[in-house]
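What follows is a set of notes on a single structure, which appears directly below.
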Amino acid sequence: MKRSAALLIIVLAFLLSAGCGGGFKKIRNPKYPDSSLVYGHFDISDAPGALTYVDIRQIRPVEKKIRGWIKGTYITKEAHYFNNTVRPGSYVLSAFGTIKSGFGGTSIYSYPLPNYGDEAIAFRTTNKPKLIFLGSYKYVQGKKGKWFTPGTFDIKQVNKPTEKEVLQDLLLLAKGTNWEPLIIERIKELK
Amino acid sequence: MKKRNLMYIIAALCLALATPAMAERYYKTADSSGDVKKGDKLIVGRIRIEPPLEPGEQNLRSRRLTSRDNSTVIVPGAKKFMNSFFMLLDTKKSDPTQDDLIKNEILVPIDETFALAGKKAPVYVLSTGIAMTVTFAKDGKSRAFLPSGYKIPIGKNDDAVYIGTIVYYRDEFMRVSKVSIKDEYDSALRDMKKKFGKGFKMRKALVDAK
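Top line first, the protein sequences correspond to chains A and B. Position one of the first sequence corresponds to residue 1 (the working numbering), numbered consecutively onward. Position one of the second sequence corresponds to residue 1001 (the working numbering), numbered consecutively onward.
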């Protein structure tokens, strides 16, 4: 599953104004009654920085104006990600990345994932809200990039953290919401 | 100049430098007799996907790369990939590299009879697919690859062969569940006679692309 990394180093701090947001957010009540909660984990400890964003791209319904990601995906301090606003449709994990700040400004390291075919991390949601675990993955660095030549990287699926472990962490962020009983129920199923 | 506009230009320059000009190897598309040189053979066929692409599903306009990055990906020449399959042919079966694909791919229209002109025989279709969106990959395109690696049974004595209509049955993630070969020789022959003249003939040599 080797692919070239889009190693995008942008030494301009003003670029951090984008819409997805980051930080350690609490899980809120679903905005729409048909929203699903999608979650997973990326271990990118071998990458230049901590996991800052994960992008989920909408495949169906086809976007009228392609954006490439849906809003509302957040990262926890354990490097889990979640999005509790995923409406009925078809989606893929399209990218993940890290943002590293230093004296010269800020560098963004973007790692695109395959959006199509058997290698895509794909899922579907329906009108019935559900919890969807997309798995735990580890970033593996390949060849280092040079100017105009992107480096390579790979991701491999790993057993840890398990879905249960991810949910136990997310449960702490979902206290008092409609998600809480669903998460507790799912944790019980996973015992 | 606004800083954001500067980033647009940087992104475009990066991709322009990283994207070599397309140069077909061995075979090139032929739309009329003028595209066929002396000694060229013709490969005639058709490729389609089921269900067909939805409006907007293939979108090669510039866009922002990720949610955390305001630079816009502009890929010069990406629009010529619209409504087309890319194909890579070679005289031997091998796993193509990305560079090989970028340098030597051919574009054929989706669900239209195409003709490829060249001198080599036999040849293999190493790669087929559709460039779906622009991205910050090496050639600026996010590609959906379709099952390939099949041989085109064109012989040294053939002037033109008909390889059939290859149909890929896919889901919305372009995961292919089935490949079938349909024999649409008569309609393909009609199409080719319009392009190459009433005397055009071709041998039926359906591929085994399943």
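C-beta: ideal position from N, C-alpha, C; glycine also.
(message) If the criterion is Cβ atoms closer than 8 Å, does the pair B/Y1168 and B/V1179 meet it?
(response) The residue you call residue 1168 of chain B lines up with position 168 of the second sequence. The residue you call residue 1179 of chain B lines up with position 179 of the second sequence. Yes, they are a contact pair.
(message) Within a Cβ cutoff of 7 Å, which residues of the same chain sit near B/K1195, ignoring the five residues on either side of it in sequence?
(response) Position 195 of the second sequence, counting from 1, holds the residue named residue 1195 of chain B. The residues are D1031, S1032 and A1115.
(message) Tell me whether the stretch 75-90 of chain A and the stretch 41-56 of chain A touch, counting them as touching only if at least three CB pairs, one residue from each stretch, are closer than 8 Å.
(response) yes
(request) Could you list the residues in the stretch 43-65 of chain A with a C-beta less than 8 Å from some C-beta on chain B, going in chain order? (result) T52, Y53, D55, I59, R60, V62, E63 and K64
(message) Extract the residue ranges of the beta strand (DSSP E) inside the stretch 1062-1090 of chain B, only unbroken runs of 3 or more that lie entirely within it.
(response) 1063-1066, 1069-1073 and 1084-1090
(message) Give me, in chain order, the residues of the same chain whose beta-carbon lies closer than 6 Å to that of A/D55; leave out the 5 immediate sequence neighbours on both sides.
(response) As a working note, residue 55 of chain A is residue 55 in the first sequence. Cβ neighbours of A/D55 beyond the five flanking positions: W69, S94 and A95.
(request) Using a Cβ cut-off of 8 Å (strictly closer), state whether B/K1210 contacts chain A. (result) On the second sequence, position 210 is the one that residue 1210 of chain B refers to. Chain A, which has no Cβ nearer than 8 Å to the Cβ of B/K1210, makes this no.
(request) Label A/L131 either buried or exposed according to how many other C-beta atoms from any shown protein chain fall within 10 Å of its C-beta, with 16 as the threshold for buried. (result) Translated into the one-based positions of the first sequence, residue 131 of chain A becomes position 131. Buried, because 16 or more other Cβ atoms sit within 10 Å of the Cβ of A/L131.
(message) Among A/R60, A/N84, A/E180 and A/V62, whose alpha-carbon lies nearest the alpha-carbon of A/K71?
(response) Translated into the one-based positions of the first sequence, residue 71 of chain A becomes position 71. Per the Cα distances, A/N84.
(message) If I follow the unbroken beta strand (DSSP E) through B/E1050, where does it start and stop?
(response) Taking the second sequence and counting its residues from 1, the one referred to as residue 1050 of chain B is at position 50. Note, B/E1050: beta strand (DSSP E), K1041 to E1050.
(request) Give a yes or no on whether the minimum CB-CB distance between B/E1054 and chain A is below 8 Å. (result) Walking along the second sequence from the start, residue 1054 of chain B turns up at place 54. Closer than 8 Å to some Cβ of chain A, the Cβ of B/E1054 qualifies, so yes.
(request) Excluding the 5 residues preceding and the 5 following B/T1133 in the sequence, name in chain order all residues of the same chain whose CB lies nearer than 7 Å to its CB. (result) Here the question's residue 1133 of chain B lines up with position 133 in the second sequence. If we look at B/T1133 and ignore the five residues flanking it on each side, its Cβ neighbours are N1059, L1060 and S1142.
(message) So B/R1175 contacts chain A; which residues on that side make the cut at Cβ distance below 9 Å?
(response) For the purposes of this step, residue 1175 of chain B is identified with residue 175 of the second sequence, where counting begins at 1. Chain A residues near B/R1175: Y116, G117, D118, A120 and A122.
(request) Rank B/E1172, B/K1028, B/V1036 and B/L1042 by C-alpha distance to the C-alpha of B/K1156 and give the top, closest one. (result) The sequence position of residue 1156 of chain B within the second sequence is 156, counting from 1. Residue B/L1042 is the option with its Cα nearest to B/K1156.
(message) Which residues in chain A have a C-beta closer than 7 Å to the C-beta of B/F1145? List them in chain order.
(response) Position 145 of the second sequence, counting from 1, holds the residue named residue 1145 of chain B. Result: G117.
(request) Please list the residues of the stretch 88-111 of chain A that have a C-beta atom closer than 7 Å to any C-beta atom in chain B, keeping them in chain order. (result) S90, V92, A95, G97, I99, I108 and S110
(message) Once DSSP output is grouped into helix, strand and coil, what is the label at A/G23?
(response) Position 23 of the first sequence, counting from 1, holds the residue named residue 23 of chain A. Residue confidence for A/G23 is low, a pLDDT of 48 falling below 50, so the modelled location carries little weight; the figure read from the coordinates is stated next. Three-state result, A/G23: coil.
(request) Report the rounded CA-to-CA distance for A/W133 versus B/G1056, giving the unit in angstroms. (result) Taking the first residue of the first sequence as position 1, residue 133 of chain A is located at position 133. Taking the first residue of the second sequence as position 1, residue 1056 of chain B is located at position 56. First, the residue type needs correcting, since residue 133 of chain A is Phe and not Trp in the sequence shown. Each residue's alpha carbon lies about 29 Å from the other.
(message) With distance defined between alpha-carbon atoms, name the residue in A/Q157, A/F153 and A/K160 nearest to A/P112.
(response) On the first sequence, position 112 is the one that residue 112 of chain A refers to. With distances taken between Cα atoms, A/P112 lies closest to A/F153.
(request) Identify the continuous beta strand (DSSP E) that holds B/V1108 and give its terminal residues. (result) The residue labelled residue 1108 of chain B in the question sits at position 108 within the second sequence. It spans I1106 to P1109 - the beta strand (DSSP E) in which B/V1108 sits, taken as one unbroken run.
(message) For A/P114, which residues in the same chain have their Cβ closer than 6 Å to its Cβ, ignoring the five residues on either side in sequence?
(response) The residue given as residue 114 of chain A occupies position 114 in the first sequence. So the qualifying residues of the chain are A120.
(request) Note the first and the last residue of the continuous alpha helix (DSSP H) segment covering A/F168. (result) Within the first sequence, the letter at position 168 stands for residue 168 of chain A. Strictly speaking, residue 168 of chain A in this sequence is Gln, with Phe absent from that position. That run of the alpha helix (DSSP H) goes E163 to L173.
(request) In the DSSP assignment, find the unbroken alpha helix (DSSP H) run with A/Y216 in it and report its ends. (result) This structure cannot settle anything about residue 216 of chain A, because the visible part of chain A is limited to 1 through 191.
(request) Could you tell me whether the Cβ atoms of A/A47 and A/Y91 are closer together than 8 Å? (result) Locating residue 47 of chain A in the first sequence gives position 47, counting from the first residue. Locating residue 91 of chain A in the first sequence gives position 91, counting from the first residue. Going by C-beta atoms, A/A47 is not nearer than 8 Å to A/Y91.
(message) Counting only Cβ pairs nearer than 8 Å, list the residues of chain A close to B/E1172.
(response) Residue 1172 of chain B sits at position 172 when you count from the first residue of the second sequence. Ordered by position in chain A, the residues that pass the 8 Å Cβ test against B/E1172 are I59, R60 and S90.
(message) Within a Cβ cutoff of 6 Å, which residues of the same chain sit near B/D1111, ignoring the five residues on either side of it in sequence?
(response) Position 111 of the second sequence, counting from 1, holds the residue named residue 1111 of chain B. For B/D1111, where only same-chain residues beyond five positions count, the Cβ hits under 6 Å are R1048.
(request) Per DSSP, which residues does A/R186 bridge with? Please list them. (result) The count along the first sequence starts at 1 and reaches residue 186 of chain A at position 186. Paired residues: none, contrary to the question.
(request) On a CA-only basis, which of A/G117, A/F123, A/P88 and A/P181 is nearest A/P194? Give me that one, please. (result) Past the boundaries of the shown model lies residue 194 of chain A; chain A is included only from 1 to 191, so the question cannot be answered.
(message) Rounded to whole angstroms, what is the Cα-Cα separation between A/N178 and A/R67?
(response) Here residue 178 of chain A refers to the residue found at position 178 of the first sequence. Here residue 67 of chain A refers to the residue found at position 67 of the first sequence. Computed Cα separation, rounded: 29 Å.
(request) Can you tell me the Cβ-Cβ gap for B/A1209 and B/Y1124, rounded? I've got them flagged as a contact below 8 Å. (result) Numbered from its first residue, the second sequence carries residue 1209 of chain B at position 209. Numbered from its first residue, the second sequence carries residue 1124 of chain B at position 124. No, B/A1209 and B/Y1124 are not in contact; Cβ-Cβ is about 11 Å, not under 8 Å.
(message) Tell me the residue span of the beta strand (DSSP E) that contains A/L37.
(response) Counting from 1 along the first sequence, the entry for residue 37 of chain A is found at position 37. Per DSSP, A/L37 belongs to the beta strand (DSSP E) from S36 to D43.
(request) Count the other CB atoms, across all protein chains shown, that sit within 10 Å of the CB of A/L173; report buried if there are 16 or more and exposed otherwise. (result) Position 173 of the first sequence, counted from the first residue, corresponds to residue 173 of chain A. It counts as buried.
(request) Compute the beta-carbon to beta-carbon distance between B/G1118 and B/K1028, rounded to the nearest angstrom, for a pair I have assumed lies under 8 Å. (result) On the second sequence, position 118 is the one that residue 1118 of chain B refers to. On the second sequence, position 28 is the one that residue 1028 of chain B refers to. At roughly 7 Å, the Cβ-Cβ gap stays under 8 Å, so B/G1118 and B/K1028 are in contact.
(request) With DSSP as the reference, label B/A1021 as helix, strand or coil. (result) Along the second sequence, one-based indexing puts residue 1021 of chain B at 21. At B/A1021, the pLDDT of 43 sits below 50, so the modelled position is not reliable and the matter cannot be decided from this model.
(request) Measuring only between beta-carbons, confirm whether A/G142 sits less than 8 Å from chain B. (result) Stepping through the first sequence from its first residue, residue 142 of chain A is reached at position 142. Cβ-Cβ to chain B under 8 Å: no for A/G142.
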